[in-house]
Amino acid sequence: MASKNRKTKVLSYNLHDRCRKYTGVDRSNVDVDAMVNLINSDHVQEMVATNSLQGFYGHQIRQRYGMVPPETVPIKGKLVYLAPALKTIHLRASQDGTVEHQEEFFDNEPGELALRQYAAQAGGFSTAVNYKRMGGRLIPTGFFGFDYVSQPNYASNVGDGQLFDGLFVPEEPEGVVSCFDSATDISQLSPSEIVIAQLLEDQILQTYDNINSQLHLLNELGNAQGLVGELSEKVDKQKRLQQLREERKKELYTGLVNPVKSFDSVQQHAEQILQSMDQPSVKEKAKKPKKSFGNIFSVWG
């Protein structure tokens, strides 16, 4: 199930400080002023405003197919859709080298996996920038947004999910360097571009296969957890219903006024009441004998 909240907070890092001492790629030879001006340029800001500054899950796609790769490519007989994982919705750089940016993950498979990794604080954002070598320094000539990588270079580029930065790749024609700010330095690669291309293609294919597999497993896990939750709710309801029934029975028994009697005892009591009703309720007074007039006048006779 796709997540609803897909935007990061505004993240910030400083171009002068990678917050790394022993790992990553040194950036002290980058012209920071030129980078700040490039980020704030009308061209880059228009890309942000039109939702065109997009990034991918990993750097391999840009390494193999350029900074602006095609939408689909054939790899080992498969037509692979190179869907972006995120877009930059806010970007600004200050003269002191501080870069602020905000990202929004797309509601697709690469975007969902990148979002889950971000929420789990695994990996971070990495810039995709073209440079030109001039007098021992790297002058940025093209800013193409952020990719989501597992081993970034700028360790201070952190947010809700610990965000960092990027990676080096070989020089392109006319002395332009495609440079990603990742801690993995592959600038010393084999001269065989065919081998490199094949390796990158294998990585891209494996990455997209893994994305599909991981999201499928996560969805299955989510469905299973949902079923467990539903069953748990049903069991709780049944327990509560049984508890209410027991309480109701108890109330009925304890609410009786008289103790419970057998049918025979009730019948006997009823017969006694009927018998008492048949007997006179008031006793008749004993009759006194009547006086005889004969007795009165017997003395005269």
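Residues in the sequence shown are numbered consecutively from 1, following the working numbering.
Think of the CB as a built atom: it goes at the ideal place given N, C-alpha and C, for glycine as much as any other residue.
Remember, predicted model here, so these are calculated numbers, not experimental data.
Just to confirm, are N108 and A83 a CB contact at a threshold of 8 Å? Here residue 108 corresponds to residue number 108 of the sequence shown, with the count starting at 1. Here residue 83 corresponds to residue number 83 of the sequence shown, with the count starting at 1. Cβ distance < 8 Å, so N108 and A83 count as in contact.
How about the region 71-81 and the region 136-155: do they share at least three Cβ pairs that are nearer than 8 Å? no
Looking at C-alpha atoms only, which residue of F56, S28, L15, G55 is the closest neighbour of N37? On the sequence shown, position 37 is the one that residue 37 refers to. Comparing Cα-Cα distances from N37 to each of F56, S28, L15, G55, the minimum goes to L15.
Would you mind stating whether V48 and T98 have Cβ atoms separated by less than 8 Å? Against the sequence shown, residue 48 aligns to sequence position 48. Against the sequence shown, residue 98 aligns to sequence position 98. Cβ distance not < 8 Å, so V48 and T98 don't count as in contact.
C-alpha gap between N130 and L231, whole angstroms: Stepping through the sequence shown from its first residue, residue 130 is reached at position 130. Stepping through the sequence shown from its first residue, residue 231 is reached at position 231. Rounded to the nearest angstrom, the two C-alpha atoms are 55 Å apart.
So, using beta-carbon positions, are F125 and R6 closer together than 8 Å? For the purposes of this step, residue 125 is taken as the residue at position 125 of the sequence shown. For the purposes of this step, residue 6 is taken as the residue at position 6 of the sequence shown. No.
Can you pull the DSSP bridge partners for N14? Position 14 of the sequence shown, counted from the start, is the residue given in the question as residue 14. Beta-bridge pairing links N14 to D17, T98.
Pull the bridge partners of V30 from the DSSP assignment, please. Position 30 of the sequence shown holds residue 30. In the DSSP output, where bridge partners are listed per residue, V30 has L138.
Sorted by chain position, which residues of the same chain lie with C-beta nearer than 7 Å to S12's C-beta, five sequence neighbours on each side aside? Taking the first residue of the sequence shown as position 1, residue 12 is located at position 12. Taken in chain order, the residues that qualify are T98, V99, E100.
By a C-beta neighbour count over all protein chains shown, 10 Å radius and 16 as the cutoff for buried, is V149 buried or exposed? The residue you call residue 149 lines up with position 149 of the sequence shown. V149 comes out buried.
Simplified DSSP assignment, three categories, for A270: By 1-based counting over the sequence shown, the position of residue 270 is 270. Helix, per DSSP.
Should F263 go down as buried or exposed, given a rule of 16 or more other Cβ atoms within 10 Å for buried? Here residue 263 refers to the residue found at position 263 when the sequence shown is read from its first residue. F263 should be labelled exposed.
Quick check on the DSSP output: the beta strand (DSSP E) that includes P74 runs from which residue to which? By one-based count along the sequence shown, residue 74 stands at place 74. P74 -> beta strand (DSSP E) spans 72-75.
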